[in-house]
Structure formats: C-alpha cells, structure tokens
Amino acid sequence: MQAKVDGALIVCDSIVYLTQDFVGTLYGLEGYKKGNIGFKLLFPISEGVGTYPFLTFSGSYENEGWLLYNYTNQYKSTNGSVSITEVKGNKYKGTFSFTGVNFPGESKIISEGVFEIEK
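Per my numbering, the very first residue in the sequence shown carries number 26; after that it's consecutive.
In structure tokens, the structure reads:
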C-alpha cells in the first residue's frame, strides 16, 4: 500500500484486512510504515470490483479514508473514494484518494494511492 501525502510518497511496510462486527466480513484495510504513519480505508472490500465513495454508507457502515500519524493526529476523509480494480482469487488490487482533515481543521491531500492484498 502506498500513496502521496501532499506530494510526498509514503510506502507502507505492512498491510492487513479489517473486519466488522466480529462476524468476519471483510470491511477495509489498513497499512503502516514502521508504525508511525499509515492509511485506513473502510469500505466493503468483500463486495469486489467497484468504486466506493467516502462519506457514503454501505450497509450500516460509513465508507471512510483515514491518514494516521502515530495514532494521535488523524485526518478523516472529507471527499474522495476507494476503488477495487481487480480481484483474482483471494487477491485484491485497487486505488484510493481523498482529502483528510484533522480536529484542528488542518488538511492533507492523499493522492495516487494503490494497494494490493491477499487474504
């Protein structure tokens, strides 16, 4: 998983699936670079190929994008989307982009995001 944050490329060292409601339904993914910076994408990954706009609902969950710094400075998506572009067996590939805003109101532009993960 990687993306540009205000033009600077961030390449994650690790990526994991996220699940919802303890039932095991795949609902997004999360990637980190040495535990200090990361991206969290919440969307119905198990639904397969498609585009999922942030700030809309899939089922009873809001699709969201997050930029995370040390778990203390979090930027939530105010626009953008995530797309699954390819599914082959248990492997998912896709793209994402969004503008994130933190609590004080500062914004970051997340662009050219890509991911590939195997279940």
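The beta-carbon is built from N, C-alpha and C at its ideal position, and this holds for glycine as well.
Proximity of ILE169 and LEU54 at Cβ, strictly below 8 Å: Outside the modelled stretch of the chain, which goes from 26 to 144, sits residue 169, for which no answer is possible.
Neighbourhood of GLY63 by C-beta, 6 Å cutoff - its chain only, sequence neighbours within 5 removed: Here residue 63 is taken as the residue at index 38 of the sequence shown, counted from 1. Non-local beta-carbon contacts of GLY63 in its own chain, meaning distances under 6 Å to residues more than five positions away in sequence, involve GLY56, TYR57 and LEU93 in chain order.
Cross-strand partners of PHE128 (DSSP beta bridge): Taking the sequence shown and counting its residues from 1, one reaches residue 128 at position 103. PHE128 is not bridged to any residue.
Cα-Cα separation between VAL167 and PHE128, rounded to whole angstroms: Here the chain has residues from 26 to 144 only, and residue 167 is not among them.
Beta-carbon gap between TYR86 and ILE70 smaller than 8 Å: Taking the sequence shown and counting its residues from 1, the one referred to as residue 86 is at position 61. Taking the sequence shown and counting its residues from 1, the one referred to as residue 70 is at position 45. At least 8 Å separates the beta-carbon of TYR86 from that of ILE70.
For LYS113 and GLY125, the rounded distance between their alpha carbons: For the purposes of this step, residue 125 is taken as residue 100 along the sequence shown, with counting starting at 1. For the purposes of this step, residue 113 is taken as residue 88 along the sequence shown, with counting starting at 1. The alpha-carbon of GLY125 is positioned some 30 Å away from that of LYS113.
Identified DSSP bridge partners for PRO16: This structure gives no information on residue 16, because the portion of the chain shown stretches from 26 to 144.
Reference GLU111, options GLU89, ALA33, GLY90 and ILE142, closest by Cα: Walking along the sequence shown from the start, residue 111 turns up at place 86. Of the candidates GLU89, ALA33, GLY90 and ILE142, the one whose C-alpha sits nearest the C-alpha of GLU111 is ILE142.
Residues that DSSP places opposite LEU92 in a beta bridge: As a working note, residue 92 is residue 67 in the sequence shown. Bridge pairing for LEU92: PHE64 and TYR100 [DSSP].
Residues bridged to SER136 (per DSSP): Along the sequence shown, one-based indexing puts residue 136 at 111. Looking at the DSSP output, SER136 shares a beta bridge with LYS29.
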